[in-house]
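Asker: Here it is, the structure, as structure tokens.
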Amino acid sequence: MAAGGGRPRRSSEPGRASGGANEQPGGGAGNASLLGSATTWPLKRYGRFLPPTDSDDEERSASSWKVFESNEDSGHLILTIVVSGHFFISQGRTVLEGFSLIDSHKWLKIVRRADCLLLRAKSKQNECRMFRVQFGGDSKQQMLEHCCNCVQKLAEYVPVQVTDEESQNLCHSLSQVADGGSQAEDAEQNTSVLHVPDEPLPDSCTSLRERRSVMQLAQSVLKQKFELPLAYRHSAWSAQELGPFIRLCLMDQNFPAFVEDVEKELKKLAEG
């Protein structure tokens, strides 16, 4: 299942997000296409570090982790990475963690030991927070494999430090198996990306009647009445996909600040 879905996936196998429309973040019938490429892993437990405060007593300071266990009563813990780069940890319908992995190497540190990950995030205000996860599985070997597979996915966005030799060897062997079947396909894809022909733009986009400056585009986006030519009025997203995508973004804790920054920049561009 994907983060925040309905009934959690009971299998201990990692897999693609369920195609069920009601088992996606935020609900709604249009989410299946959006999260069709999301990958999920079962977690055994999730722990959130609680920094001690001046008012904390010694007992609270000594026990500074709030731990969530995966079970039938509270809900199964699931770690989800969406194709868009969004990272979620959910328990039942509750999202415990949610952020974008894009450029996360600038503020996120990840350390792996055996079947556990420790994640340390640093905010723009230099505030730090930590959480850790232990992967689930039917056996210790399966828990390690789930962790390795997740590390390989995370490594596409941020370096992951592996502290023990056993985990390094297992990840290396799994990556060799995975790479063997995809090297030819990746090489073909990379070649096509590097050699995109310089095709001329359609006349409808290059004619003087259709051209718009950045300032005009920004002004039009900020206005309630849309005044751009038809060439600018077609959205790449269908109505069914746009709502679920926005809900997905809203679960990213950094998204509201991002929207505010975008609006400020649009106003600057509109003012010239």
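Just so you know, the sequence shown maps onto residues 1 to 272 in full-length UniProt numbering. The beta-carbon is built from N, C-alpha and C at its ideal position, and this holds for glycine as well.
1) Between the Cα of Ala155 and those of Met130, Glu265, Leu108, Asn71, spot the shortest distance and give me the residue it belongs to.
2) Assess, as a yes-or-no matter, whether the stretch 86 to 99 is touched by the stretch 137 to 152 under the definition of 3 or more beta carbon pairs within less than 8 Å.
3) Go ahead and label Val259 buried or exposed: buried means 16 or more other beta carbons lie within 10 angstroms of its beta carbon, across all protein chains shown.
4) Spatial neighbours of Val83 within its chain, please: CB distance less than 7 Å, with the 5 preceding and 5 following residues excluded, ordered by chain position.
5) Measuring CA to CA, which of Ile102, His86, Cys150 is closest to Cys116?
6) Bridge partners for Val111 per DSSP, in chain order?
7) Please determine if the stretch 39 to 53 and the stretch 128 to 139 are in contact, where contact requires at least 3 C-beta pairs separated by less than 8 Å.
8) According to the neighbour-count rule (16 or more other Cβ atoms, all chains shown, within 10 Å of its Cβ), is Asp73 buried or exposed?
9) Please report the straight-line C-alpha distance between Ala76 and Glu97, rounded to a whole angstrom.
10) Skipping 5 residues on each side, what residues in its chain have a beta carbon closer than 7 Å to that of Val158?
11) Assuming Val83 is part of the beta strand (DSSP E), what are its boundary residues?
12) Within this structure, are the beta carbons of Arg120 and Val160 separated by less than 8 Å?
13) Tell me whether Gln253 sits in a helix, a strand or coil according to DSSP, three-state version.
14) Give the DSSP-derived three-state secondary structure of Glu271 in the structure shown.
15) Would Phe87 and Ile78 qualify as a contact pair, given that the criterion is a beta-carbon distance under 8 Å?
16) Would you identify the three-state DSSP class for Arg247, choosing helix, strand or coil?
17) Using DSSP bridges, identify the partner residues of Cys150.
18) For the beta strand (DSSP E) containing Leu43, list its first residue and its last residue.
19) Among Asn71, Lys124, Lys140, Cys128, which has the Cα closest to the Cα of Arg48?
Answerer: Well, looking at it:
1) In the sequence shown, the residue the question calls residue 155 occupies position 155. Residue Leu108 is the option with its Cα nearest to Ala155.
2) no
3) Residue 259 sits at position 259 when you count from the first residue of the sequence shown. Label assigned to Val259: exposed.
4) Stepping through the sequence shown from its first residue, residue 83 is reached at position 83. These residues qualify, in order along the chain: Ser37, Ala38.
5) In the sequence shown, the residue the question calls residue 116 occupies position 116. In this structure, Cys150 is the residue among Ile102, His86, Cys150 with its C-alpha nearest to the C-alpha of Cys116.
6) Position 111 of the sequence shown, counted from the first residue, corresponds to residue 111. Answer is Leu118, Gln161, bridged to Val111.
7) Segments in contact, yes.
8) Position 73 of the sequence shown holds residue 73. Per the 10 Å Cβ criterion, exposed.
9) The count along the sequence shown starts at 1 and reaches residue 76 at position 76. The count along the sequence shown starts at 1 and reaches residue 97 at position 97. It is His, not Ala, that sits at residue 76 in the sequence shown. Approximately 14 Å between the Cα atoms of the pair.
10) In the sequence shown, residue 158 corresponds to position 158, counting from 1. Cβ within range, chain order: Leu101, Ser104, His105, Leu108, Ile110.
11) To locate residue 83, count along the sequence shown from 1; it is residue 83. Val83 -> no beta strand (DSSP E), and no H or E assigned at all.
12) Along the sequence shown, one-based indexing puts residue 120 at 120. Along the sequence shown, one-based indexing puts residue 160 at 160. No, the pair does not count as a contact, with Cβ atoms beyond the cut-off.
13) The count along the sequence shown starts at 1 and reaches residue 253 at position 253. Taken through DSSP and simplified to helix, strand or coil, Gln253 comes out as coil.
14) Taking the sequence shown and counting its residues from 1, the one referred to as residue 271 is at position 271. Note: Glu271 maps to helix in three-state DSSP.
15) Counting from one through the sequence shown, the residue named residue 87 turns up at place 87. Counting from one through the sequence shown, the residue named residue 78 turns up at place 78. Cβ distance not < 8 Å, so Phe87 and Ile78 don't count as in contact.
16) The residue given as residue 247 occupies position 247 in the sequence shown. Helix, per DSSP.
17) Residue numbering aside, residue 150 sits at position 150 when the sequence shown is read from its first letter. For Cys150, DSSP records no beta bridge to any residue.
18) As a first step, residue 43 must be located in the sequence shown, where it is residue number 43. 39 to 49 is the span of the beta strand (DSSP E), which, as asked, contains Leu43.
19) As a first step, residue 48 is located in the sequence shown; it is residue number 48 there, counting from the start. It is Cys128.
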